[in-house]
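Asker: Please read through the structure below; I'll follow up with questions.
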Amino acid sequence: MNPGFSKVRLPISVPYIAHNEKAYVAKCMETGWISSQGDFVKQFEHDFAKFTGAKFAVSVSNGTAALHLTLIALGIRPGDEVIVPNMTFAATANAVIHCGATPVLCDVDKNTWTLDCQQAEALITAKTKAIIPVHLFGVPADMTSLMNLAAKYQLKIVEDCAQAIGAKVNSDTVGTIGHAGCFSFFANKTMTTGEGGMVTTNDESLFQKLLCYRDHGMRKERRYWHEVPGLNYRLTNLQAAIGVAQLEQITHLIETRKNIAQAYRKGLDDVAGVLSATPLNGTSSVTWLSSFRFNPEYFKWDIDTIVAMLGRQGIETRRFFPVLNIQPPYLNQHRHFKVSDRLAQEGLCLPTWVGLREQDITEVVEQIKDCLC
């Protein structure tokens with residue numbers, strides 16, 4: 005919750021735990037299978053692969069681990085460059101840095117708010133080995149253009165799907181289009197395991213590498229023999245149990261958030277200067293957080309003032325991520341990032357969670373109008 009708010013009535017996000025989660029976790033505790041061994045881990049991976057349409061799914065401890073593990077398994081190493089959007093959570097770039105490689109920041113498209121593919125192509129060098137498109141706030145990136153770039157320049161595409169479970173490009177679910185997809189199950193995501201993540205892929209060779217690196221560099225056929233210097237990025241059976249229960253209601257979780265975002269858009273449609281992302285034709289977006297850009301040319305208040313005014317009414321909102329290029333680890337990127345800079349200055353996320361009532365959405369809309377008009 006935002007600091008300084010004495011009483012938040014409508015938080016930005018609330019996890020939805022209301023189905024079989026408690027029963028499945030209790031089963032883990034009763035049987036003693038509470039660590040990374042257990043049937044729920046296998047079931048969660050199987051069910052997630054089935055939901056996305058991927059051939060393989062590998063559960064991990066969080067979304068950042070999913071990105072890092074995937075890059076390691078793809079052979080990203082010191083001296084390599086990986087193109088990432090400037091408008092994203094820092095984990096996207098940090099995973100690259102922790103491989104010893106360099107994240108090359110790229111601006112985003114003014115309509116979709118996802119990676120600008122034309123600018124990305126201009127950034128490709130002999131050192132470029134991969135691109136990580138982020139399906140920001142649930143809007144799919146231009147995967148058709150990105151896969152064409154991958155073929156043209158022999159690059160790997162790692163989809164950051166942390167905010168976009170269930171989104172589609174044509175009939176393909178995000179996470180199955182690139183060489184791998186990385187998901188997050190943090191508490192504020194569409195579905196949660198508390199902490200947790202998943203990697204999806206259709207490449208069996210990559211799948212085997214992911215399994216090995218995830219478990220200290222061991223393979224199940226030869227325990228305690230380490231083929232590579234791996235990591236412990238395993239998900240626990242307790243977390244997987246929650247994940248199985250969440251997947252049982254995933255359609256409800258996705259559709260409810262989409263409906264909330266639609267209600268906000270409808271309510272704010274008559275307010276000039278309030279804009280949302282425009283998905284590409286042929287894509288099906290989902291909603292992580294209902295996200296809008298408030299063009300200051302139309303309003304007398306800046307975004308921080310709007311946040312504070314709503315906060316005083318008990319409504320928690322959240323600014324978009326700060327752009328990466330102004331933060332200490334990424335200051336060596338001397339380029340202009342016109343679109344992402346503006347989104348960071350003008351973007352605001354509104355309360356979005358299963359259980360939010362119609363009258364709550366109406367109140368948020370009316371309070372925003374009171375602030376702006």
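Counting from 5, one number per residue, gives the positions in the sequence shown under this note's numbering. The C-beta atom is built at its ideal place from N, Cα and C for all residues, glycine as well.
1. If distances are taken between C-alpha atoms only, which option among His256, Tyr237, Ala245, Phe303 comes closest to glutamate 34?
2. Which one of Ala58, Glu49, Cys110, Ile87 has the shortest CA to CA distance from arginine 339?
3. With DSSP collapsed to three states, give me the class of valine 358.
4. Determine the DSSP secondary structure at phenylalanine 93, reduced to helix, strand or coil.
5. Find out if the Cβ-Cβ distance for the pair cysteine 186, glycine 201 is shorter than 8 Å.
6. Classify isoleucine 258 as helix, strand or coil using the three-state DSSP reduction.
7. Indicate, with yes or no, if the ligand MN has a heavy atom lying under 7 Å from the CB of threonine 92.
8. Taking buried to mean at least 16 other C-beta atoms within 10 Å of its own C-beta, is asparagine 336 buried or exposed?
9. Enumerate in chain order the residues of its own chain whose CB-to-CB distance from threonine 260 is below 6 Å, with the five nearest sequence positions on each side excluded.
10. Could you check which residue in Glu49, Gly271, Lys160 has the C-alpha nearest to that of aspartate 374?
11. Between which two residues does the alpha helix (DSSP H) containing methionine 33 stretch?
12. In terms of alpha-carbon separation, which member of Ala267, Gly286, Val203 lies closest to aspartate 176?
13. So, valine 162 versus glycine 182, is the Cβ gap smaller than 8 Å?
14. From lysine 133 to lysine 172, what distance separates their C-alpha atoms?
15. Keeping to the same chain, check which residues put their C-beta closer than 8 Å to that of proline 283; ignore five residues upstream and five downstream.
16. Report the three-state DSSP secondary structure of glycine 351 (helix, strand or coil).
17. Could you tell me how far apart the beta carbons of glycine 318 and arginine 13 are, in whole angstroms, since I believe they sit closer than 8 Å?
18. For the candidate residues Ile258, Thr68, Pro19, whose alpha-carbon lies nearest to that of alanine 166?
19. For proline 7, is the classification buried or exposed, using 16 other Cβ atoms within 10 angstroms of its Cβ as the cut-off for buried?
20. Would glutamate 85 and alanine 105 be called neighbours here (beta carbons separated by less than 8 Å)?
21. Helix, strand or coil, according to DSSP, for lysine 114 in the structure here?
22. So, helix, strand or coil for glutamate 320, using DSSP?
23. Could you give the distance in angstroms between the alpha-carbon of alanine 61 and the alpha-carbon of cysteine 377?
24. From the DSSP secondary-structure annotation, give me the bridge partner or partners of cysteine 186.
25. Of the choices Ile372, Ser295, His50, Phe341, whose alpha-carbon is the least far from that of arginine 316?
26. I'd like to confirm the pairing. Which residues does DSSP put opposite serine 288 in its beta bridges?
27. Determine contact between the region 17-24 and the region 218-237, defined as no fewer than three beta-carbon pairs at a distance below 8 Å.
28. If I measure Cβ to Cβ from methionine 147 and keep anything under 6 Å in the same chain, skipping five residues before and after, which residues do I get?
Answerer: Result, derived from the coordinates:
1. Nearest option by C-alpha distance: Ala245.
2. It is Cys110.
3. In the structure shown, the three-state DSSP call for valine 358 is coil.
4. Residue state for phenylalanine 93 is assigned as coil, using DSSP reduced to three classes.
5. Closer than 8 Å, so yes.
6. Three-state DSSP puts isoleucine 258 in a helix.
7. The ligand MN is not part of the structure shown, which contains no ligands of any sort.
8. Here asparagine 336 is exposed. Its C-beta has fewer than 16 other C-beta atoms within 10 Å.
9. Excluding residues up to 5 positions away in sequence, Val358 lie with their Cβ nearer than 6 Å to the Cβ of threonine 260 in the same chain.
10. That would be Gly271, whose Cα lies nearest to the Cα of aspartate 374.
11. Note, methionine 33: alpha helix (DSSP H), 25-35.
12. Gly286 is the residue among Ala267, Gly286, Val203 whose C-alpha sits nearest the C-alpha of aspartate 176.
13. Cβ distance < 8 Å, so valine 162 and glycine 182 count as in contact.
14. Their Cα atoms are separated by approximately 25 Å.
15. Around proline 283, the same chain offers Thr116, Val143, Pro144, Ser289 as residues with beta carbons nearer than 8 Å, after the five sequence neighbours per side are excluded.
16. Strand.
17. Cβ atoms of glycine 318 and arginine 13 come within 8 Å of each other, at about 4 Å.
18. Taking only the C-alpha atoms, the option nearest alanine 166 is Thr68.
19. Below a pLDDT of 50, predicted positions are generally treated as unreliable, and proline 7, at 46, falls in that range; the measurement from the model is reported next regardless. Counting Cβ neighbours within 10 Å, proline 7 comes out exposed, since fewer than 16 surround it.
20. With respect to the 8 Å criterion, glutamate 85 and alanine 105 are classified as neighbours on the basis of their beta carbons.
21. Coil, per DSSP.
22. Correct three-state label for glutamate 320: coil.
23. Whole-angstrom Cα-Cα distance: 49 Å.
24. In DSSP, cysteine 186 forms a bridge with Asp164, Val203.
25. The candidate whose alpha carbon is nearest that of arginine 316 is Ile372.
26. When DSSP reads this structure, serine 288 sits in a beta bridge with Lys172.
27. The region 17-24 is not in contact with the region 218-237.
28. Hits under 6 Å: Val173, Ile181.
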